[in-house]
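Engineer:
In this note's numbering, the protein residues as written are 550 to 781.
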């Protein structure tokens, strides 16, 4: 599977994507009156818009709609790359606006939708991707994620140590996709050369210091704006 092999996605991410695509498939089967196959290749922008409208009528939150659209958009991009579709029917669709102000705790739906936007191989883009992947995978607060040090990661067992209010510590699982994003980010900074400084912060700003909650809020707001306008 593409998510497992190429993106090294966690089981949770794969399960969520599979559920979202099955939901779209059932909708297309009903509207196109197909009984055997799921007619993804016949889907049009009007079909996807009708699908999102039906979810909205069922009371889906805007963050959930944004995540589902991000999943569907990614899926159709894959079909286009594989030559199974000539065009991506979701490219012209705008994602629902996420609520403002941004919450102190980034929800999984918000994170999953936003993770489509950090692109490129620059250290800052890779950092943003790793940050969002970590928040999505662990469900941690922004303050907990920015407090992660290099020696808080246990990649072998898939665990990370987080520090909350009052310096209280807890150990939580972290998924393969987040760990992969962190490794790519660290590789871009050549952090292996800092192996003797394991207490150093993991996520850095452009000056090489620990990133702040305010910087993360600005970063998320920037991607949220792009999400709201449908930019890629």
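Using N, Cα and C, we set each Cβ at its ideal position, and we do this for glycine too. These numbers were taken from a predicted model, which means no experiment stands behind them.
Judging by CA-CA distance, which residue of 731, 737, 694, 739 is the nearest neighbour of residue 720?
Structural biologist: Residue 720 has its Cα closest to that of 694, out of 731, 737, 694, 739.
Engineer: Check whether the Cβ atoms of residue 734 and residue 689 lie closer than 9 Å to each other.
Structural biologist: Cβ distance not < 9 Å, so residue 734 and residue 689 don't count as in contact.
Engineer: Please identify the residue among 716, 717, 714, 683 whose C-alpha is closest to the C-alpha of residue 708.
Structural biologist: Of the listed residues, the one whose Cα sits closest to residue 708 is 683.
Engineer: Relative to the C-alpha of residue 672, which residue among 753, 716, 759 is closest?
Structural biologist: Measuring from the Cα of residue 672, the nearest candidate turns out to be 753.
Engineer: To the nearest angstrom, how far is it from the Cα of residue 596 to the Cα of residue 691?
Structural biologist: Near 37 Å, if we compare the C-alpha coordinates of residue 691 and residue 596.
Engineer: Please state whether DSSP places residue 720 in a helix, a strand or coil.
Structural biologist: Reduced to three states, the DSSP call for residue 720 is strand.
Engineer: Within 10 angstroms of its Cβ, does residue 756 collect 16 or more other Cβ (buried), or is it exposed?
Structural biologist: Answer is exposed; the Cβ neighbour count stays below 16.
Engineer: What are the complete alpha helix (DSSP H) segments, minimum 4 residues, inside the stretch 553 to 630?
Structural biologist: Here the runs fully enclosed are 560 to 581, 594 to 606, 611 to 630.
Engineer: For the ligand PLP, is there a heavy atom less than 8 Å away from the beta-carbon of residue 604?
Structural biologist: Ligands in the displayed structure: none, and consequently the ligand PLP is not present.
Engineer: Write down every uninterrupted run of the beta strand (DSSP E) in the stretch 662 to 741 whose length is 3 residues or greater and which is fully enclosed by it, in chain order.
Structural biologist: Segments of the beta strand (DSSP E) lying fully in the stretch 662 to 741: 708 to 712, 718 to 722.
Engineer: Is the beta carbon of residue 570 less than 9 Å from the beta carbon of residue 621?
Structural biologist: Taking 9 Å as the Cβ cut-off, residue 570 and residue 621 qualify as a contacting pair.
Engineer: Verify whether the separation of the beta carbon atoms of residue 576 and residue 625 is less than 9 Å.
Structural biologist: The answer is no: Cβ separation not under 9 Å.
Engineer: When we look at the beta-carbon of residue 637 and count the other beta-carbons within 10 Å, is it buried (16 or more) or exposed?
Structural biologist: It is buried - the Cβ of residue 637 has at least 16 other Cβ atoms within 10 Å.
Engineer: Per DSSP, which residues does residue 753 bridge with? Please list them.
Structural biologist: Paired residues: 759.
Engineer: Measure the C-alpha to C-alpha separation of residue 652 and residue 739 and round it to an integer number of angstroms.
Structural biologist: Because residue 652 sits at a pLDDT of 46, beneath the cut-off of 50, its placement in the model cannot be relied upon, and the following sentence gives the value as read from the coordinates. If you take the alpha carbons of residue 652 and residue 739, they lie about 33 Å apart.
Engineer: With a threshold of 16 other CB atoms inside 10 Å of the CB of residue 667, please say whether the residue is buried or exposed.
Structural biologist: Looking at its Cβ environment, which holds 16 or more other Cβ atoms inside 10 Å, residue 667 is buried.
Engineer: Can you find the residues in the same chain that come closer than 6 Å, C-beta to C-beta, to residue 617, ignoring five residues on each side of it along the sequence?
Structural biologist: Excluding positions up to five away in sequence, the list reads 569.
Engineer: Answer with buried or exposed for residue 725, where buried requires no fewer than 16 other C-beta atoms within 10 angstroms of its C-beta.
Structural biologist: Residue 725 comes out buried.
Engineer: Quick check: the Cα distance between residue 592 and residue 686, rounded to an integer number of angstroms?
Structural biologist: One C-alpha to the other measures close to 31 Å.
Engineer: Taking DSSP as the reference, what is the three-state secondary structure of residue 643?
Structural biologist: Of the three classes helix, strand and coil, the one that applies to residue 643 here is coil, per DSSP.
Engineer: So, using beta-carbon positions, are residue 750 and residue 698 closer together than 9 Å?
Structural biologist: Yes, the pair counts as a contact, with Cβ atoms nearer than the cut-off.
Engineer: Nearest to residue 715 by CA position, among 582, 696, 768, 700, is which residue?
Structural biologist: The option with the nearest alpha carbon to residue 715 is 696.
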